[in-house]
Amino acid sequence: MELHIDDDFDLPKIADSGQCFRWTRTGEHAFRIPHGQNCLNITRIAEGRYQLDCTDEEFRTLWRPYFDLDENYSAIRRRIDAKTDPFLYRAAEAQKGIRILRQDPWEATVSFIISQNRNIPAIRRSVELLCRAAGDALADREGNMFHAFPEARRILDLPQSALDACALGYRGKYVRAAAKAFCDGDLDFRALSSATGEEAIKSLMGLYGVGVKVASCISLFGLHQIDAFPVDTWVRRILQNEYPNGYPFHLYSPYNGIYQQYMFAFYRSRESGGA
DNA sequence: AGGCAGGCTTTTA
DNA sequence: TAAAAGCCTGCC
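Numbering of the first sequence is given in the numbering used here, commencing with residue 1 and proceeding in unit increments.
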């Protein structure tokens, strides 16, 4: 099907934003995006025009929510005042097009447990290895194989040697503990999504190997708590360098998480991208 | 109780 | 070699 999108929507920026670790680039304006048991091939064919290899029905039920297309990101972005917060304004202009995906909460949980103390290429590699080790091998509409993100049960059933082969290091035991918590019903995303942001983070921190940073990422990217504000090594630097007198969270509620993404991606692209 | 130092696996630049 | 979308443990 073909699709028009007027709102902020930039596939390469989303792919590089550090919120998802399994997109693969298949062309200059094309990506392969696994989600649940499905895998979308999407190509930008012109400004604001996209070709998707899915039915209208699948788009409505699966991909429109996944891309959070019912939220108006340009309106949220325009709430930033260039005079009172020039840094955030610049970051948002530079990273315009990022959206907060509505990813599967279980996948987000495992992915961000794996993310701790590692850079993004290393995270991608481990997640992909885990999917190959324990995820179902499926085919997309074009007949290309991909691996679904593994259910908790499948991760629990992995022999230790197979889990070790995913290069998780000391995080392997955290992933196994999360899988056990999920299977035992101690990790209940339905309950978490009806909790307040603070409650959700506190509850997630009960998981072995999950501190405030990873819990915030799970809330933001897995539970779509868009006010959650993960503070990692990059954001810590931003707060120190750009906001020595404090960051005005109150001004930006309930969109703190979206603005965090603009700043995070902006800083990271400046330092590592060399621009 | 709450804060802090040290350790942890492996990859990346 | 240092740093990477950190957290746990032990010590004070």
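Glycine included, every Cβ here is placed at the ideal spot set by N, Cα and C.
Quantities reported herein were computed from a predicted structural model and do not represent experimental measurements.
Spatial neighbours of residue i in its chain, beta-carbon cut-off 7 Å, leaving aside the 5 residues before and after
i      : result
Trp234 : Phe264, Tyr267 and Arg268
Asp56  : Met1
Lys213 : Pro230, Val231 and Asp232
Pro65  : Arg102
Glu142 : Asn41 and Asp53
Asn72  : Asp7
Pro86  : none
Residues near residue i by beta carbon distance below 6 Å, same chain, minus five either side
i      : result
Leu130 : Cys166
Asp136 : Ala148
Arg32  : Thr24, Thr26 and Asn41
Ala108 : Ile218, Phe221 and Gly222
Arg154 : Ala134
Gly172 : Leu163
Ser126 : Ile114, Cys166, Ala167 and Leu168
Three-state class that DSSP yields for residue i in the structure shown
i      : result
Phe9   : coil
Met1   : coil
His224 : coil
Leu204 : helix
Ile98  : strand
Tyr247 : coil
Phe112 : helix
Gln103 : coil
Phe229 : coil
Ala195 : coil
Ser253 : coil
Val210 : coil
Chain-order list of residues whose beta-carbon lies under 8 Å from that of residue i (same chain, five-residue window excluded)
i      : result
Arg124 : Phe21 and Arg22
Arg78  : none
Trp106 : Phe149, Glu151, Ala152, Phe182, Phe189 and Gly222
Asp70  : Arg64
Ile76  : Tyr255 and Ile258
Tyr89  : Ile80, Asp81 and Ala82
CB contact flag (residue i, residue j, <7 Å)
i      : j      : result
Leu207 : Ala178 : yes
Ile201 : Ala215 : yes
Ile14  : Ile98  : yes
Tyr262 : Ala92  : yes
Lys96  : Asp8   : yes
Thr61  : Gln51  : no
Contact belief for residue i with residue j at Cβ below 8 Å, rounded distance in angstroms
i      : j    : result
Ile100 : Ile5 : Going by Cβ atoms, the distance from Ile100 to Ile5 rounds to 15 Å, so no, they are not a contact pair.
Mind listing, in chain order, the continuous alpha helix (DSSP H) runs of no fewer than 4 residues lying wholly within the segment 15-93? Correct list: 73-77.
I'd like the ranges of any beta strand (DSSP E) spanning at least 3 consecutive residues and lying wholly in the segment 118-187. If only complete runs of 3 or more residues are kept, the segment 118-187 shows the beta strand (DSSP E) at 137-139 and 145-147, in order along the chain.
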